[in-house]
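First comes the structure, then the notes that go with it.
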Amino acid sequence: SSWLDDISKGLNSSTFNIFKDNLVKNDSRQGLDDISKQKILTIMQEQKISFDDARLVYTRHLMNENDIDENGIPKDPK
């Protein structure tokens, strides 16, 4: 996996600009996290939505799994 692979798969946008923020700046990492990337690609394909919208769906799902509401407030009553 590489930044170029991620860009070619549509995992780039004006608000999450891999080209400008990672590739051009010679980010030494090998691209986006493989597990998250695959889940976001699946969301994009199944729901026919953009990368940014799929990131939002994925992030909200992760937050819900960790008992955090979509506003960032823990659901734990403590």
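First residue of the sequence shown: 6, per our numbering; consecutive thereafter. Even glycine gets a Cβ: it sits at the ideal position worked out from N, Cα and C.
Where residue i falls: helix, strand or coil (DSSP)
i   : result
I54 : coil
I73 : strand
Member of the options whose CA lies at the smallest distance from the CA of residue i
i   : options              : result
I54 : D11, S7, D10 and L16 : L16
K30 : V62, F56, G77 and W8 : W8
Q43 : R60, R34 and L28     : R60
T20 : D38, D32 and F56     : F56
I45 : Y63, G77 and E70     : Y63
Cα-Cα separation between residue i and residue j, rounded to whole angstroms
i   : j   : result
R65 : I73 : 9 Å
L67 : I23 : 22 Å
E75 : D11 : 27 Å
S33 : D26 : 12 Å
May I ask you to verify whether the stretch 7 to 21 touches the stretch 37 to 51, counting CB pairs closer than 8 Å and requiring at least 3? yes
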